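First the structure, in the form of structure tokens, and then the observations on it.
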Amino acid sequence: MFISYVPTECGTIDAEFAPCVGKKTADQLFYDCCKLYIEPECHDLCQYEVDRDAAQSLVQSVFRFLNTFVK
1 MFISYVPTEC
11 GTIDAEFAPC
21 VGKKTADQLF
31 YDCCKLYIEP
41 ECHDLCQYEV
51 DRDAAQSLVQ
61 SVFRFLNTFV
71 K
């Protein structure tokens, strides 16, 4: 994969954790990693989120999913 543009500020708190690659590429890389290490039922949660509300929503989805096994 060739990346022609890499932002000078990325992946840091100052850059609000913006990925150093495009969002679509970051999502794909994260998803590919998830496929190796987590259960298939959780793959739809594998998204690179920098927006606090979106990330919090994904985390809440994980907890709701896990709670289905606890009861």
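Numbering-wise (the UniProt record's numbering), the sequence shown opens with residue 1 and increments by one. Each residue gets a CB set at the ideal place from its N, CA and C atoms; glycine is no exception. Keep in mind that this is a model prediction, so the values were computed, not measured.
Where residue i falls, given that 16 or more other Cβ within 10 Å makes a residue buried
| i | result |
| --- | --- |
| ALA54 | exposed |
| VAL21 | buried |
| ALA26 | buried |
| MET1 | Residue placement at MET1 is poorly supported in this model, since its pLDDT is 49, which falls under 50; the coordinates still yield a value, given next. Answer is exposed; the Cβ neighbour count stays below 16. |
CA nearest to the CA of residue i, picked from the options
| i | options | result |
| --- | --- | --- |
| GLU41 | SER57, ASP51, ARG64 and VAL50 | ARG64 |
| residue 80 | ASP44, LEU66 and TYR48 | Residue 80 cannot be examined here, being either before or after the span of the chain that is shown, 1 to 71. |
| LYS24 | ARG52, CYS46, TYR37 and ASN67 | CYS46 |
Span of the alpha helix (DSSP H) around residue i
| i | result |
| --- | --- |
| TYR48 | Premise fails: TYR48 is in no alpha helix (DSSP H) and is neither H nor E. |
| ALA26 | 23-37 |
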